[in-house]
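**Student:** One structure coming up, written as structure tokens, with questions to follow.
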Amino acid sequence: MSRPQVFVSACLLGQQVRYDGGHRRFPYLAVLADYLELHPVCPEVGIGLGVPRPPVHLVSREDGLHLLEVHDHRRNYSEKMRAFAVNQSQAMAHADGFIAKKDSPSCGMARVRVHDEQGQLRHKHGVGLFTSTLRVHLPHLPVEEEGRMNDPGLRENFLTRVFVHHRWRLLQAEEITPASLLEFHTRHKYLIMAHSVRAYQLLGKRLANLKGALAEIAAGYFAELMAALARPARRSNHVNVLQHLAGYVSDQLSSGDRQELSAAIEAYRRAEVPLIVPITLLRHHQNRIQNPYLASQYYLEPYPAALGLRSAI
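Letter by letter, the sequence shown follows residues 77 to 389 in the numbering used here.
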């Protein structure tokens, strides 16, 4: 199976493209490189700025945000950056994610500093000009910052979305049919439920009648799916899903095994063990019982287990 395609701010990959000639290597990318295809992109170099170069920042004007040179506001790179982002969105049409450099006036995803014409800080609620433009043209692309990926829950959420996005691209490449769309949804049902019970219900209703324009139905389904997955799964939702899935094997377990599985789920609910503990026990019983429906559920392995993401949440 092909690997998800993820673009990364080049400085995070160790490329010396920052304004000061340095980099900001993000060590975790070495782990991800075994499971993802990582592609560097540096928007500031992409619009022709050299290395090293004078720094730039975001400035708020009446007509919107501008990307200006810090010490010379006559040097305005806003239009070049927006044009580069539009072109890059076409190159990233087959991407499954983007890992951005936090605080960057070009790449930052959130909490980027925004200044006034005098260079004074106005607020820290900006978005880098490249990333904000990219998200307009690729609204369902998973985007995350390296700083936020140090949080285990946010890291797991981002990579869940990356792998779902990748599976959707593979589905599209094979041409979506009513049967393949229903199968895709069925295999992701409990993963969706872990993020939003309401989305689980609404997405099921959306696919209840596939006699209309299938491309339009599929596009609407995917938009709602990615919006639902963008909300990190809550512990209570995971417990609900685990209890549902346990029901598929409980009739074939001994009394002791049922009690052990129930105790593992309860221990997770009380935050005494990470999510991987009840998941591993559930998969152990599934490997022996071989329930076909349970085996089909991506919830049990939404990404390569070797990433160890559920050991920390």
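Cβ atoms here follow ideal geometry from the backbone N, Cα and C, with glycine treated the same way.
Is it buried or exposed for A86, if we count other Cβ within 10 angstroms and need 16 for buried?
**Tutor:** Looking up residue 86 in the sequence shown gives position 10. A86 is buried by the Cβ-count criterion.
**Student:** Consult DSSP for R334 and reduce its assignment to one of helix, strand or coil.
**Tutor:** The residue given as residue 334 occupies position 258 in the sequence shown. Correct three-state label for R334: helix.
**Student:** Checking 9 angstroms against the spacing of the C-beta atoms, do H242 and P80 come in under that value?
**Tutor:** Numbered from its first residue, the sequence shown carries residue 242 at position 166. Numbered from its first residue, the sequence shown carries residue 80 at position 4. Result yes, Cβ atoms of H242 and P80 sit closer than 9 angstroms.
**Student:** Can the beta-carbon of H191 be found less than 9 angstroms from the beta-carbon of L143?
**Tutor:** To locate residue 191, count along the sequence shown from 1; it is residue 115. To locate residue 143, count along the sequence shown from 1; it is residue 67. Not a contact, by the Cβ cut-off of 9 angstroms.
**Student:** For R364, which option in V117, Y324, G90 and R311 has the closest C-alpha, if you only look at C-alpha atoms?
**Tutor:** For this step, residue 364 is matched to residue 288 along the sequence shown. R364 has its Cα closest to that of Y324, out of V117, Y324, G90 and R311.
**Student:** What residue ranges within the region 238-312 form continuous alpha helix (DSSP H) runs of no fewer than 4 residues, ordered along the chain?
**Tutor:** 254-271, 273-282 and 290-305
**Student:** To the nearest whole angstrom, what separates the beta carbons of L351 and L376, a pair I think is in contact under 8 angstroms?
**Tutor:** In the sequence shown, the residue the question calls residue 351 occupies position 275. In the sequence shown, the residue the question calls residue 376 occupies position 300. 11 angstroms between Cβ atoms; not a contact.
**Student:** If you drop the 5 nearest sequence neighbours on each side, which residues of the same chain put their C-beta closer than 7 angstroms to that of L305?
**Tutor:** Against the sequence shown, residue 305 aligns to sequence position 229. In chain order, T236, R237, V240 and H271 place their CB closer than 7 angstroms to the CB of L305, counting only its own chain and leaving out the 5 sequence neighbours on each side.
**Student:** Please classify N233 as buried or exposed, where buried requires at least 16 other C-beta atoms within 10 Å of its C-beta.
**Tutor:** Residue numbering aside, residue 233 sits at position 157 when the sequence shown is read from its first letter. Burial check for N233: the Cβ neighbour count within 10 Å reaches 16 or more, so the residue is buried.
**Student:** Keeping to the same chain, check which residues put their C-beta closer than 7 angstroms to that of P116; ignore five residues upstream and five downstream.
**Tutor:** Residue 116 sits at position 40 when you count from the first residue of the sequence shown. V84, A86, L89 and Q91, listed in sequence order.
**Student:** Using 8 angstroms for Cβ pairs, my map puts R94 next to R100. What's the rounded Cβ distance?
**Tutor:** As a first step, residue 94 is located in the sequence shown; it is residue number 18 there, counting from the start. As a first step, residue 100 is located in the sequence shown; it is residue number 24 there, counting from the start. Confirmed, about 7 angstroms.
**Student:** Excluding the 5 residues flanking M302 on each side, which residues of the same chain have their C-beta closer than 8 angstroms to its C-beta?
**Tutor:** Your numbering for residue 302 matches position 226 in the sequence shown. Around M302: H216, P218, R237, V240 and H241.
**Student:** Based on Cα-Cα distance, which residue from Q248, S208 and Y297 lies nearest to K265?
**Tutor:** Translated into positions along the sequence shown, residue 265 becomes position 189. Closest option to K265, Cα to Cα, is Y297.
**Student:** Give me the residue from I252, L197, R211 and H361 with the minimum Cα distance to A171.
**Tutor:** Residue mapping note: residue 171 aligns to position 95 of the sequence shown, counting from 1. Nearest of I252, L197, R211 and H361 to A171, Cα basis: R211.
**Student:** Please list, in chain order, all residues of the same chain as L105 whose beta carbon is under 7 angstroms from its beta carbon, the five residues on each side excluded.
**Tutor:** Locating residue 105 in the sequence shown gives position 29, counting from the first residue. Cβ within range, chain order: V84, L88, L89 and L114.
**Student:** Can you tell me which of the three DSSP states I352 falls into?
**Tutor:** Numbered from its first residue, the sequence shown carries residue 352 at position 276. I352 falls in the helix class under three-state DSSP.
**Student:** What is the rounded straight-line gap between the Cα of G195 and the Cα of V188?
**Tutor:** Here residue 195 corresponds to residue number 119 of the sequence shown, with the count starting at 1. Here residue 188 corresponds to residue number 112 of the sequence shown, with the count starting at 1. If you take the alpha carbons of G195 and V188, they lie about 14 angstroms apart.
**Student:** Classify H360 as helix, strand or coil using the three-state DSSP reduction.
**Tutor:** Here residue 360 refers to the residue found at position 284 when the sequence shown is read from its first residue. Here H360 sits in helix by DSSP.
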